[in-house]
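For the sequence shown, the positions run -20 to -1, 1 to 619 when mature numbering (1 follows the signal peptide of the UniProt record, and there is no 0) is used.
Just so it is clear, CB atoms sit at the ideal spot from N, CA and C, and this is done for glycine as well.
Inspection log for the structure reproduced underneath, given as structure tokens.
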Amino acid sequence: MVKRPLIGFIIFAFTTLAFAASALYQFHNAYARQALHTQLSAWALAQMELETLEFRNELALYLATASDKQSLVLSYDILWSRYDTFLSSQEAAPMRRTFDAQPVVKHAFRLIQQHEQAVLNGDRQRLSGLLHEMDIVLPQVRNLMVNNFTGPAAIEQREFLQDQIKTMYAAIIILMSLLIFFAFRLYRNSSKQQKMAWHDSLTGLPNRNYLLEHLYKAAHKKQIHTLLLIDVRRFKDINDLMGYEQGDIALTQLANELKSMCLPYGYPCARISSNEFAVLAYTDNRQLSFFTQPLCNALRSAIDNVCPSHQLAVAIGVAKSLDLDDNVIRNHRQFANQLLNNADLALMKAKRAPVTQDSVDIFKAEYEQEAKQRRQLRDELKAHLDDPYQETLYVLFQPMVSPASKRLGCECLIRWDHAEFGAIDPALIVSIAEESGLGRTLGAWLLHQVYLALNTEWQTVNERIDIAINLSDSFFNESLIADVITVFADHPEQRKQLIFEVTETMTIDDIGRFNLLMNQLRDVGIRIALDDFGTGWSSMSVLSHLSFDKVKIDRSFVTGMANTPRQHVLVDTICHMAHQLDIRVVAEGVETQEQLTSLKQMGVDEFQGYFFAKPLSALDFYAFYIDHLNHKGKLLMND
């Protein structure tokens, strides 16, 4: 559609042209009227000259032949009337003013007025003088007409008027050409801007605005439709490891495949974010599998052609217009936005599948309830973090036992006993904090809880306790050191008892930046542990670039040792490799004596799991530590 400013400019341009053309037309008419007036004036002056000449000839004939004076009197009367009309009539006023004829005609009229009696009486003597005077006046009358209509001045005036007309015509043509040129440029620029507003510059696909417009139209027409949101999972790895140029090539390939898949069905498709696409299918979704599965295969194949070394997967969230009650929703825009929200919730569910397999999820009503729950938890989490007296959000400490040390470690674990939803999954708490921008606030709150435990319940033994804290992505940044220094300002020596646990996914985004932060943390006494070691695909790469104080073997390896010999070999290999790198090894998920025995034989340095204790409150952990000091812990560690 053409934008209003462009329409306004076109209207203004052509209004200006119309006005200029009208002015030219009026000028042309005025010129024509002036020409007609000039012609009439020329005729009137010519008649005056002719009648003056006729009177002079009649006068000469009368004096020469003594003919009847009736013809002379008649010619005299006609000339008298001509002069009198010319000098006194209102119609002749423009000629008197324009051609400056009044003095000449007035002189001639006065002359014949003076000889009126001589003409009536036939006084030859006086008439002879009049003839002499007429011979003098006649050239003046003739020159009046000749000079004004055929002389150089008249010719120059007509040429000037003609030049003016040509100039006006040329100006109109130039003005029209310029207006047409600028209108074309404005239209072309407006078309480009419109395309930019509705299309993605990289892939050429329509963008989010285009998709929303089609959703609005479909909702307004109450047309049955299904929205598919498509996400290429782990696409960021291509940009990080292969460069943004390869990422752009992959996106272009994806867009081409998407267009070729949608074109036969007439489905609009769009790119709505970096690696997220959308398809609007005009169907009720009952038979949509004929489209979604080939679509997954085609998109994954396009990525594999560009980046064969990276195993990526496609996630699709599906939402149907039939699932929405248009009697409850107020207008078609709200209807479309709700459908988009439902598809986004389904996509979030689809992305929870293993990252190596394609997944398609169709929106269900409970997804909206989960989303509402997350929004409620987000608001309540913020309130709890701001309230120093609340008790529903708290921390527990799970011991990490070392057989050859009187020091005792523990991991700080967050807990939330919700009055309505019960115990909230710690991973959900962290996820909500990350999504709502509360990651740093939650991290600072955890630091403060650790500080309180060290200086209240554990005050008498705090110098022998090490505390590990899991860091979320948003908390591990340049502000972390400032937060640590602030919390432990009164006891800076206690910073040496802190161990920050990070995951490999936090490190691969920017290893250089991560290494700088690690060194800064070590400068203030904090140690760094690599959590869930072995579960990611780049664990070895992380160890080759970064230096850690500890690695924590994931509980899945410990649990599988008894039944899977490969797991036993892997754990043994991890221990040997870590010790070669001067890194301590912590085993998570220790639940049986057999596991403990095997891990001790492999040389694991610390153990964590229900075999020793479940997560404990600060006071219970103090009791556990006292028991550990009284050799019960050592006896427990003996085979």
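Do residue j and residue i have their beta-carbon atoms positioned less than 8 Å apart in this structure?
i: L279; j: V294; result: yes
i: I283; j: A330; result: no
i: H95; j: R106; result: yes
i: V340; j: A323; result: no
i: L361; j: I394; result: no
i: I210; j: S301; result: no
i: E473; j: I449; result: no
i: G583; j: V538; result: no
i: V381; j: C392; result: no
i: Y247; j: Y262; result: yes
i: T32; j: L118; result: yes
i: W396; j: L373; result: yes
i: residue 624; j: R444; result: Nothing about residue 624 can be reported from this structure: the residues present for the chain run from -20 to 619 only.
i: residue 628; j: W178; result: The question about residue 628 has no answer here: the residues shown for the chain are numbered -20 through 619.
i: L67; j: V85; result: yes
i: L292; j: F215; result: yes
Does DSSP put residue i in a helix, a strand or coil?
i: W517; result: With a pLDDT of 49 at W517, under the threshold of 50, the modelled position of this residue cannot be trusted, and the question is left open.
i: D607; result: helix
i: D57; result: helix
i: V566; result: strand
i: D211; result: strand
i: L268; result: coil
i: E360; result: helix
i: T572; result: coil
i: residue 632; result: Any property of residue 632 remains undetermined from this structure, which presents the chain solely from -20 to 619.
i: K197; result: helix
i: A299; result: strand
i: H179; result: strand
i: T263; result: coil
i: T29; result: The sequence given here has Glu at residue 29, not Thr. Correct three-state label for E29: helix.
i: C276; result: helix
i: C287; result: coil
i: A558; result: helix
i: F587; result: strand
i: R62; result: helix
i: E71; result: coil
i: T206; result: strand
i: I(-10); result: helix
i: K146; result: helix
i: L596; result: strand
i: residue 620; result: Within the shown structure, residues of the chain are numbered from -20 to 619, placing residue 620 beyond reach of any answer.
i: P186; result: strand
i: A258; result: strand
Report the residue from the options whose alpha carbon sits nearest the alpha carbon of residue i.
i: P288; options: I218, P472, L497; result: I218
i: E586; options: V340, L373, V566; result: V566
i: L185; options: F257, Y605, M222; result: F257
i: F377; options: R535, A73, L599, I145; result: L599
i: F528; options: R444, T539, I479; result: I479
i: R213; options: R507, P334, R420; result: P334
i: S416; options: W438, A363, S459, C242; result: A363
i: D366; options: S452, L319, A199, T421; result: T421
i: T483; options: D64, D453, Q500, G389; result: D453
i: C249; options: Q349, H194, R387; result: H194
i: A348; options: R332, A326, P368, D338; result: This sequence places Glu at residue 348; Ala is not what is there. For the residues R332, A326, P368, D338, the minimum Cα distance to E348 belongs to A326.
i: H398; options: Q370, H179, W438; result: Q370
i: F271; options: R535, N285, M241, F66; result: M241
i: R535; options: F591, L501, S524; result: F591
i: residue 646; options: E414, G102, F513; result: Residue 646 is absent from the model: the chain starts at -20 and stops at 619.
i: A424; options: P368, T436, V85; result: P368
i: L208; options: I154, D264, I229, H200; result: D264
Does the CB of residue i have a neighbour CB from chain D at under 8 Å?
i: E31; result: No chain D appears in the structure shown, which is made up of a single protein chain.
Quick check: does the Cβ of residue i come within less than 7 Å of any heavy atom belonging to the ligand SAH?
i: L579; result: As presented, the structure is devoid of all ligands, the ligand SAH included, so that no description of it is given.
Meets three-Cβ-pair contact criterion under 8 Å: the region 417 to 433 and the region 396 to 406: no
Any alpha helix (DSSP H) of 4 or more consecutive residues that is wholly inside the region 88 to 129: 96 to 101, 104 to 129
At least 3 beta-carbon pairs within less than 8 Å: the region 569 to 588 vs the region 353 to 369: Contact between the region 569 to 588 and the region 353 to 369 is absent, because fewer than three Cβ pairs lie under 8 Å.
At least three beta-carbon pairs within less than 8 Å, the region 543 to 555 to the region 464 to 481: no
Whole beta strand (DSSP E) elements within the region 327 to 354, 3-residue minimum: As far as the region 327 to 354 is concerned, its whole beta strand (DSSP E) runs of at least 3 residues are 339 to 342.
Alpha helix (DSSP H) runs contained entirely in the region 446 to 525, provided each spans 4 or more residues: 460 to 467, 484 to 488, 491 to 503, 519 to 525
Three-pair Cβ contact test at 8 Å for the region 476 to 495 versus the region 548 to 558: no
The region 49 to 63 touching the region 32 to 39, judged by at least three CB pairs closer than 8 Å: yes
Inside the region 366 to 445 only - beta strand (DSSP E) runs reaching at least 3 residues: Runs of the beta strand (DSSP E) inside the region 366 to 445: 373 to 380, 388 to 398.
Segment contact, 8 Å Cβ cut-off, at least three pairs: the region 594 to 608 with the region 557 to 565: Output reads no: the region 557 to 565 does not touch the region 594 to 608.
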